[in-house]
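No gaps in the numbering here: position 62 of the sequence shown is 61 in numbering that gives the first Met the number 0, and each next residue is one more. Working notes, structure below.
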Amino acid sequence: MPRRASCGAWRPARSCGSMLQFSTPAILIRRTEYGDYDLIVTFFSLTLGKVSLMAKAAKKRTRRFAGLLELFTELDIVGSVGRQSGLPVLQEATLRHPHSEIREAATKTAYASYWSELVNDWMEERIESAELFLLLRHVLDALAANGPPEAALSVLFQMRLLRISGHSPNLTRCAVCRLDLDSIRPEALGVEIAQGGIACPGCLPATAESQRLSKGTIKQLLWVAGGDLARAARIKFSTRALRESQEFLESFVPYHLGRQPRSLRVLRQLRGEQAAS
Numbered sequence: 000m001p002r003r004a005s006c007g008a009w010r011p012a013r014s015c016g017s018m019l020q021f022s023t024p025a026i027l028i029r030r031t032e033y034g035d036y037d038l039i040v041t042f043f044s045l046t047l048g049k050v051s052l053m054a055k056a057a058k059k060r061t062r063r064f065a066g067l068l069e070l071f072t073e074l075d076i077v078g079s080v081g082r083q084s085g086l087p088v089l090q091e092a093t094l095r096h097p098h099s100e101i102r103e104a105a106t107k108t109a110y111a112s113y114w115s116e117l118v119n120d121w122m123e124e125r126i127e128s129a130e131l132f133l134l135l136r137h138v139l140d141a142l143a144a145n146g147p148p149e150a151a152l153s154v155l156f157q158m159r160l161l162r163i164s165g166h167s168p169n170l171t172r173c174a175v176c177r178l179d180l181d182s183i184r185p186e187a188l189g190v191e192i193a194q195g196g197i198a199c200p201g202c203l204p205a206t207a208e209s210q211r212l213s214k215g216t217i218k219q220l221l222w223v224a225g226g227d228l229a230r231a232a233r234i235k236f237s238t239r240a241l242r243e244s245q246e247f248l249e250s251f252v253p254y255h256l257g258r259q260p261r262s263l264r265v266l267r268q269l270r271g272e273q274a275a276s
């Protein structure tokens, strides 16, 4: 479970005058321009969770971090925290995994942006979650290496993020009457997003427009949500299961996040363009 990083909060690597320094593996999930020369960079890290730092002079012609501060890159970072309030300052960055293949393909970039936006929006600063860091690293590595289909990786990521953050959908019983999944006769069940899960026909009669999940899809979603990550990532989704899972999660996640991620709109537009071509 995620937990607040202790204060040995910054887990200092060493002291430097009036500054405390810390180091951690981290994945860059957001970057924002600040003034003429600086960047504010947000990482999700192994030991500190989400952390934002000031990268000074990162935009100068002679840059300190040339080629390093690209989205989705995994780095070993060293930051310093002053005695006064303010953002920590990025002091050093060493490349671990560039994931450049992601940034070279529009659809890969859209998926990675969606996952990064979810992590940034869902996680508070300095809430440590090694499990989430390893999950994000896994899907980015697989995406860069042309591993499983992008949509399957996205299903895996979203289901596990929901569990880690305590927002798992209820897929084992009707969200309204609490009837167990195995006791519900139809093979396709309704989806009750506001109630947080599936609904039996008695509680949510089927309509032509209603979203449905087959029992086979539900069991696959439950499988990828827990257990060994590498084993779960090897699951093979049928075309139907992947379509149902994608539609369900891309409705469920924004509803419970409280807003529509901008990157999800871009991702849907890209998929629509590809489908039309």
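Even for Gly, the Cβ is constructed at its ideal location relative to N, Cα and C. These figures come from a predicted structure and were not determined experimentally.
When the beta-carbon positions are compared, A56 and V40 stay at least 7 Å from each other.
For Q90, the enclosing beta strand (DSSP E) covers residues 88-96. Inclusion of F43 and G78 in the CB contact set at 7 Å is not warranted, their separation being larger than that value.
If the five residues before and after R63 are omitted, its C-beta is found closer than 7 Å to the C-beta atoms of A56, A57, all from its own chain and listed in chain order.
In the structure shown, the three-state DSSP call for V175 is coil.
For the pair S164 and W222, the CB atoms are not nearer than the 7 Å cut-off. Beta-bridge pairing by DSSP links Y33 to D37.
In terms of CA proximity to T72, L27 leads the group E32, L27, E124. Between the C-alpha atoms of D35 and K59 there is a straight-line separation of about 8 Å.
The beta carbon of K49 sits closer than 6 Å to those of F43, M122, E124, all from its chain and outside the five residues before and after it, given in chain order.
With contacts defined by Cβ atoms closer than 7 Å, L38 and R30 form a contacting pair. Counting along the chain, M158 sits inside the alpha helix (DSSP H) bounded by residues 149-163.
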